[in-house]
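FYI, our numbering numbers position 388 of the sequence shown as 379, with every residue one higher than the one before it. Worksheet: the structure to be examined is printed underneath.
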Amino acid sequence: MYSVLKTTRRWWIADKVSEYMKRIQIEGGRRLEGSVEIGGFKNSAVALIPATILAGGLCVIDNLPDISDVDKLSQILLNNGAKIKRQGNKTIEIDTSGIEKCYADYDMAKELRASYYLLGAGLGRFKKAKVIFPGGCSIGTRPIDQHIKGFEALGARVSIEHGIISVEAEKLVGAEIYLDVVTVGATINIMLAASMAEGVTTIENAAKEPHIVDAANFLNCMGAKIKGAGTDTIKIKGVDKLRGCEHSVIPDQIEAGTYMILAAATKGDVTITNIIPKHLEAITAKLKEMGVKITENGEMLRVEGNSAIKNINIKTLVYPGFPTDLQQPMTSLLSIANGTGTVTETIFEGRFKHVGELKRMGANIKVEGRIAVIQGVDKLSGAKVEATDLRAGAALMIAGLIAEGTTEIENAQYIERGYSFYREKLIKIGAKITEI
Ligand code: EPZ
């Protein structure tokens, strides 16, 4: 049987601790050398855990990142009747045969963006779900109109009252759904619900990110019939029943990209292991364009920074374009590159909150609407700064590693939402970083 009590206690403690503000101190100016092993992809894991609801049986997920978002989502499943057992910090066993409802209220899910996947999974299995309006990083309005458009096309009624989204359907019938915006969340959410609808659903203008493919592979392993994931047209043939299965989460290309950037920024020599190079093509190409030396060798990359990196122009796009989640970490590297560069953020309208904090460290950046113009400076200087979201925290961590003197980052708990064991991984390659 599962040790639910022990598991519950662990998560309760983790949940309470993660609510407290954390502060870290970084001694800058140190060259980082050594190797970093990349963990499972956060944005895939936060879809796979809710997807286990559809199985109605025992799922085993391996290569899970040990991050607070995973803990919070697991706690929500526990609260809904799942039986969960952790094997170490990378493998989780989730038995959802005992789940009879799909509910996540304010206290459970207020900070989570991915709580919206409980809607698609609950709709697929129980034909209803109630979930708090999703939270997540404050990087823009982050509407969910395309999720709702998909659920309604499948025959569900959607209502939003007192901040709770309720979805309900007598039955789900396959439909043709054209997404007005290429959206990762809506693509996966519709896939979840449609996997147990009657008939065929086609999603046109679907997102093509690697974690869409990872989610489709997991659902197909449960017995779903999904074709075309990774292209802009996905076909889902609904089935009556799904079953538990085993799956390993793909490596986190955003975590990998972040370590590649900080290796270049500290003029270091860092080998990044447990990656899929294909998923890193955009960041690899842009770093090479700056003059960073990158050597590929199977499932690892070696990044050698040098002092003559030049500024470039970055434009965030949906996959396989340059990922919006690496725009903020990249801004820290561009702020010390030679010449002038620009960052154009086409996905989220409010993703430049880190710029103000970088300017307190001496960066020369001017934001005009969706474009940041960056004039490279010789050096940044350590300062007290504040993380406003997960990737802003990563950007400030990189800036602290390259600045002269000491940097203190307030709200460092944001970083833990997407980077498992980041302090341990950085200290192992020579960083001086402490929690205060
Ligand atoms: C996911 O957010 C990720 N979060 C984000 O990662 C990532 O930046 C984003 O995908 C893009 O890759 C998780 O997976 C938990 P979208 P999501 O739906 O699903 C608009 C990180 O740092 N849109 O692909 O919210 C939306 O406003 C986080 O790890 C609608 O208009 O992103 C945005 O402009 C940050 N209507 C664009 O689409 C909708 O119904 C892309 O959003 C949904 C989205």
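Cβ coordinates follow ideal geometry from the N, Cα and C atoms, glycine included.
I believe residue i touches residue j by the beta-carbon criterion, under 8 Å. Please report the beta-carbon distance rounded to the nearest angstrom.
i, j, result
"I15", "I424", "6 Å"
"A147", "E159", "6 Å"
"R361", "I130", "With a Cβ gap of about 12 Å, R361 and I130 do not count as contacting."
"M321", "K301", "14 Å between Cβ atoms; not a contact."
"D231", "E195", "Going by Cβ atoms, the distance from D231 to E195 rounds to 25 Å, so no, they are not a contact pair."
"L23", "G115", "The Cβ separation is near 44 Å, so there is no contact."
"L103", "D60", "6 Å"
"G421", "G19", "That belief does not hold up - the Cβ atoms of G421 and G19 are roughly 12 Å apart, past 8 Å."
"E340", "T307", "Actually they do not touch by this definition, with Cβ atoms about 12 Å apart."
"M500", "L45", "The structure shown does not extend to residue 500, since the chain spans only -8 to 427, so no value can be given for it."
For residue i, list the residues DSSP reports as bridge partners.
i, result
"I225", "I194"
"H238", "I52"
"N302", "According to DSSP, N302 bridges with nothing at all."
"D86", "L49, K74"
"K232", "In DSSP, K232 forms no bridge with anything."
"T397", "E18"
"T322", "None; T322 has no bridge partner."
"S372", "E395"
"A220", "T222"
"D380", "Answer by DSSP bridge pairing: none, since D380 is not bridged."
"L260", "The sequence as given places Asp at residue 260; Leu does not occur at that position. Paired residue(s): E24, E295."
"V164", "E189"
Ends of the beta strand (DSSP E) at residue i?
i, result
"E359", "355 to 359"
"Q78", "74 to 78"
"G332", "331 to 335"
"S106", "Here S106 belongs to no beta strand (DSSP E), and DSSP marks it neither H nor E."
"E167", "167 to 169"
"V149", "148 to 152"
Would you give the residue range spanned by the alpha helix (DSSP H) that residue i belongs to?
i, result
"N34", "33 to 46"
"D98", "97 to 100"
"C212", "201 to 212"
"E280", "272 to 281"
"V175", "175 to 185"
From the DSSP output, in three-state form, read off residue i for me.
i, result
"R22", "coil"
"K344", "helix"
"F313", "strand"
"I267", "coil"
"Y429", "This structure gives no information on residue 429, because the portion of the chain shown stretches from -8 to 427."
"S157", "strand"
"G121", "A small correction: the amino acid at residue 121 is Lys; Gly does not occupy that position in the sequence shown. Here K121 sits in strand by DSSP."
"T286", "strand"
"I365", "strand"
"R133", "coil"
"R1", "Note that R1 scores a pLDDT of 43, beneath 50, so its modelled location is shaky; the value from the coordinates is reported in the next line. Residue state, collapsed to three classes: helix."
"L(-4)", "Bear in mind that a pLDDT of 39 at L(-4), under 50, signals an unreliable position, so the model cannot answer this."
"D6", "With a pLDDT of 46 at D6, under the threshold of 50, the modelled position of this residue cannot be trusted; read the value that follows with caution. DSSP places D6 in helix when its eight states are reduced to three."
"V61", "helix"
"S411", "coil"
"E295", "strand"
"Y11", "coil"
"T425", "strand"
"E91", "coil"
Can you check which of these residues, the options, is closest to residue i by C-alpha distance?
i, options, result
"I267", "K232, D205, T322", "D205"
"L387", "R351, L69, K232, R293", "R351"
"K101", "G127, I263, T333, I179", "G127"
"E348", "R382, T337, L39", "R382"
"S411", "L210, A390, A385, I40", "A385"
"I156", "K216, I305, Y107, Q318", "Y107"
"A42", "S150, S59, V149, A185", "A185"
"N304", "T331, E295, F339", "T331"
"Y97", "C50, D86, R116, H153", "H153"
"A95", "K76, E295, L69, G115", "L69"
"A255", "T286, L233, G296", "G296"
"K119", "P125, V149, P134, L49", "V149"
"A403", "E377, I393, E415", "E377"
"L371", "A394, N355, E189", "A394"
"I151", "P134, G165, K162", "P134"
"L64", "G47, N34, G48, S88", "N34"
"G219", "L253, T249, I179, A299", "I179"
"M291", "F117, E407, S26", "S26"
"T275", "V346, G259, N265, Q244", "Q244"
"Q137", "N71, L170, T315", "L170"
"I40", "E84, I17, R21, Y11", "E84"
"V172", "K140, E189, N211", "K140"
"K284", "I252, P56, P311, V309", "I252"
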